[in-house]
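Accompanying notes for the structure given below.
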Amino acid sequence: MDYDVKGNLRRVLDDLPKEVRLVAIGKYHPNEYIEAAYEEGQRIFGESHEQELRLKHETLPHDIEWHFIGHLQTNKVKYVAPYISMIEAVDSFKLLREIDRQAAKYDRVIRVLLELHIAEEETKYGLTLDACRQLLEDGEWLELKHVQICGLMMMASFVDDEEQIRAEMMTARHFFDEVKAKYFADDDAFCERSWGMSHDYRIAIECGSTMVRIGTTIFGPRIY
Ligand SMILES: *Cc1c(COP(=O)(O)O)cnc(C)c1O
Numbered sequence: 025m026d027y028d029v030k031g032n033l034r035r036v037l038d039d040l041p042k043e044v045r046l047v048a049i050g051k052y053h054p055n056e057y058i059e060a061a062y063e064e065g066q067r068i069f070g071e072s073h074e075q076e077l078r079l080k081h082e083t084l085p086h087d088i089e090w091h092f093i094g095h096l097q098t099n100k101v102k103y104v105a106p107y108i109s110m111i112e113a114v115d116s117f118k119l120l121r122e123i124d125r126q127a128a129k130y131d132r133v134i135r136v137l138l139e140l141h142i143a144e145e146e147t148k149y150g151l152t153l154d155a156c157r158q159l160l161e162d163g164e165w166l167e168l169k170h171v172q173i174c175g176l177m178m179m180a181s182f183v184d185d186e187e188q189i190r191a192e193m194m195t196a197r198h199f200f201d202e203v204k205a206k207y208f209a210d211d212d213a214f215c216e217r218s219w220g221m222s223h224d225y226r227i228a229i230e231c232g233s234t235m236v237r238i239g240t241t242i243f244g245p246r247i248y
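Next comes the structure, spelled out in structure tokens:
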């Protein structure tokens, strides 16, 4: 391994206020990279592909909390349901209902975040603010006993313009406050704001992030 994973991890952790948690994103990196971060004390890891996650879950220590951070197809939910700690990118009621259905089979409650689409890029997944309001207003989610909506997740546009990134993250921040007040005022579990990646996590912290998802800065460039 020609990458100083442990040193990089320590530097990132030194940057984070203690109330902000790190989800280390090891996608496309081999187990030894994740093991190095694990030895340094990191326990929350994120992956975005179901098959890769399955292999890693089977071969890496079992006290790792796995977050699914990518677009999860409904037909893949059954594979992650037995063990996933959090599904971060829920962008439809259909997916939410399927997570509930699979979690019920294992007598689990799976924690999820609703993914917002705020960035300008068209390829990104996620709910528009109006679609998210609609999903919550419909109220069907209240009947799902095996999912717990713990907050919101978003990716800002991949641009150099810090002001644009900041504006998008503040939109997410204000939207969090809106839905928290309207639907989750009495629900302490609804508390997570997952924004910030390698290139923009410092801005994210200023914009109220509680959870940053960082890959490249810790593990180096990915080989696709
Ligand atoms: C890959 C990925 C990250 C991490 O990106 P880096 O730029 O490597 O830090 C964060 N969030 C999501 C959803 C990702 O797919």
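Sequential numbering of the sequence shown, starting at 25, is according to my numbering.
Glycine is no exception: its CB is placed at the ideal position from the N, C-alpha and C atoms.
Problem set entry | Exposure of ILE189, with buried meaning 16 or more beta-carbon neighbours within 10 Å | Reading the sequence shown from its first residue, position 165 is the one you call residue 189. Result: buried.
For this session: Determine the contact status of LEU140 and ALA196, defining contact as a CB-CB distance below 8 angstroms.
Result: Position 116 of the sequence shown, counted from the start, is the residue given in the question as residue 140. Position 172 of the sequence shown, counted from the start, is the residue given in the question as residue 196. Closer than 8 angstroms, so yes.
Exercise. Rounded to the nearest angstrom, how far is the Cβ of TYR107 from that of TRP90, given a contact under 8 angstroms?
Worked result: Within the sequence shown, residue 107 is the residue found at index 83, counting from 1. Within the sequence shown, residue 90 is the residue found at index 66, counting from 1. Yes, they are in contact, since the Cβ atoms of TYR107 and TRP90 sit about 7 angstroms apart, within 8 angstroms.
For this session: Per DSSP, which residues does GLU89 bridge with? Please list them.
Result: Within the sequence shown, the letter at position 65 stands for residue 89. In DSSP, GLU89 forms a bridge with ILE68.
For this session: Since I believe TRP165 is in contact with LEU120 (beta carbons under 8 angstroms), could you give me their beta-carbon distance rounded to a whole number of angstroms?
Result: Here residue 120 is taken as the residue at index 96 of the sequence shown, counted from 1. Here residue 165 is taken as the residue at index 141 of the sequence shown, counted from 1. Contact holds; Cβ gap of about 6 angstroms.
Exercise. If we call anything under 8 angstroms between Cβ atoms a contact, is TYR225 one with ILE242?
Worked result: As a first step, residue 225 is located in the sequence shown; it is residue number 201 there, counting from the start. As a first step, residue 242 is located in the sequence shown; it is residue number 218 there, counting from the start. Result no, Cβ atoms of TYR225 and ILE242 do not sit closer than 8 angstroms.
Exercise. What number of angstroms, rounded off, separates the C-alpha of ASP131 from the C-alpha of GLU187?
Worked result: Taking the sequence shown and counting its residues from 1, the one referred to as residue 131 is at position 107. Taking the sequence shown and counting its residues from 1, the one referred to as residue 187 is at position 163. Cα to Cα, ASP131 sits roughly 45 angstroms from GLU187.
Problem set entry | Nearest candidate by alpha-carbon position, reference ASP115, set LEU168, ASP212, ARG78 and MET178 | Counting from one through the sequence shown, the residue named residue 115 turns up at place 91. Out of LEU168, ASP212, ARG78 and MET178, MET178 has the C-alpha closest to the C-alpha of ASP115.
Exercise. Taking 7 angstroms as the cut-off, does the CB of HIS81 come closer than this to any heavy atom belonging to ligand 1?
Worked result: Here the question's residue 81 lines up with position 57 in the sequence shown. No - ligand 1 has no heavy atom lying nearer than 7 angstroms to the Cβ of HIS81.
For this session: Look at TYR52 and ILE227 and say whether their C-beta atoms are less than 8 angstroms apart.
Result: For the purposes of this step, residue 52 is taken as the residue at position 28 of the sequence shown. For the purposes of this step, residue 227 is taken as the residue at position 203 of the sequence shown. Cβ distance not < 8 angstroms, so TYR52 and ILE227 don't count as in contact.
Problem set entry | Complete alpha helix (DSSP H) runs within the segment 104-184 (minimum length 4 residues, chain order) | 117-129 and 153-162
For this session: With distances taken Cα to Cα, identify the nearest neighbour of ALA113 among GLN126, ARG135 and TYR103.
Result: Looking up residue 113 in the sequence shown gives position 89. Per the Cα distances, ARG135.
Exercise. Counting along the chain, where does the alpha helix (DSSP H) carrying ARG34 start and finish?
Worked result: Mapped onto the sequence shown, residue 34 falls at position 10. Start and end: 29-39.
Exercise. What does DSSP give as the partner residues of VAL101 in its beta bridges?
Worked result: Here residue 101 corresponds to residue number 77 of the sequence shown, with the count starting at 1. Note: VAL101 sits in no beta bridge, so no partner.
Exercise. Taking GLU144 as the reference, which of LEU168, PHE208, LEU160 and ALA191 has the closest Cα?
Worked result: Translated into the one-based positions of the sequence shown, residue 144 becomes position 120. Closest by alpha carbon: ALA191.
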